[in-house]
Amino acid sequence: AQRVTQPEKLLSVFKGAPVELKCNYSYSGSPELFWYVQYSRQRLQLLLRHISRESIKGFTADLNKGETSFHLKKPFAQEEDSAMYYCALSGRGSSNTGKLIFGQGTTLQVKP
Amino acid sequence: KAGVTQTPRYLIKTRGQQVTLSCSPISGHRSVSWYQQTPGQGLQFLFEYFSETQRNKGNFPGRFSGRQFSNSRSEMNVSTLELGDSALYLCASSTIGTVVKTEAFFGQGTRLTVV
């Protein structure tokens, strides 16, 4: 079964503290993994994808195929990071690339 | 360039009615996907259209249907509305490569309330 699990509904940290948003997945095959973010009153938007191996706004995510995880990390949280974060996966190949499977989302709250 | 546009932004319908939602993708994007977002189920994939053809379909009843026009604009239709269809419906467009997924850009959604 194809599934994305984000075990935490809410993660609350203080400004300057490290952040780790957890994501585990189940997929038969080789998926592409993404993190999407939704700031208050804004559209859902792509934060980063594993295939790019990039760091966006200080966030990084490493794909661990052995543990089937794609946790999102940031060493020092900022108040502007407060948002809803969704982990998502997509299959490879032209027939699968249009479908995203989302986790339930984690609300990150960064306190001053 | 203009983003993904969904109309209308809000809708209130009565049980048993049908509804049509519209999505205009970013210019040049040929893939349009639809998602249903609810507090209980989160974001669930409805279907994807590419070059006027449905390429992927999620696990929703046949009351949910869609189509795509030659200009890539897409509509989704829900017939015989039920209270449980109340949700935020999101549309996303992308260029879609053959192997690597390109970024999906989301619209602001249509909030459907069924009473």
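Those protein sequences? They're chains A and B, same order as listed. Sequential numbering of the first sequence, starting at 18, is according to the numbering used here. Sequential numbering of the second sequence, starting at 17, is according to the numbering used here. Backbone N, C-alpha and C fix where the C-beta goes; we use that ideal spot for every residue, glycine too.
- Distance from residue 54 of chain A to residue 96 of chain A at the Cβ level is roughly 15 angstroms; contact not present, criterion being Cβ atoms closer than 8 angstroms.
- Chain A has no Cβ within less than 8 angstroms of the Cβ of residue 83 of chain B.
- The alpha carbon of residue 88 of chain B has as its nearest neighbour, out of B:128, B:65 and B:126, the alpha carbon of B:65.
- Of all C-beta pairs linking the segment 85-104 of chain B to the segment 43-57 of chain B, three or more are shorter than 8 angstroms, placing the two stretches in contact.
- Using beta-carbon distances, residue 47 of chain B counts as an interface residue toward chain A, with a partner under 8 angstroms.
- With a threshold of 8 angstroms between beta carbons, residue 119 of chain A makes contact with chain B.
- With at least 16 other beta carbons inside 10 angstroms of its own, residue 120 of chain A counts as buried.
- For residue 26 of chain B, the enclosing beta strand (DSSP E) covers residues 26-29.
- Rounded to the nearest whole angstrom, the C-alpha separation of residue 20 of chain A and residue 44 of chain A is 7 angstroms.
- For residue 131 of chain B, no beta strand (DSSP E) segment is defined, and its DSSP state is neither H nor E.
- Proximity of chain B to residue 126 of chain A at the Cβ level (cut-off 9 angstroms) is not reached, the minimal Cβ distance being about 18 angstroms.
- The beta-carbon distance between residue 124 of chain B and residue 31 of chain B, rounded to whole angstroms, is 26 angstroms. This is too long to meet the 8 angstroms contact definition.
- Between residue 80 of chain B and residue 117 of chain A, the CB-CB gap reaches or exceeds 8 angstroms.
- Taking a C-beta distance under 8 angstroms as the contact criterion, residue 34 of chain B and residue 96 of chain B qualify as a contact pair.
- Looking at B:107, B:86, B:29 and B:93, the one whose alpha-carbon comes closest to that of residue 59 of chain B is B:107.
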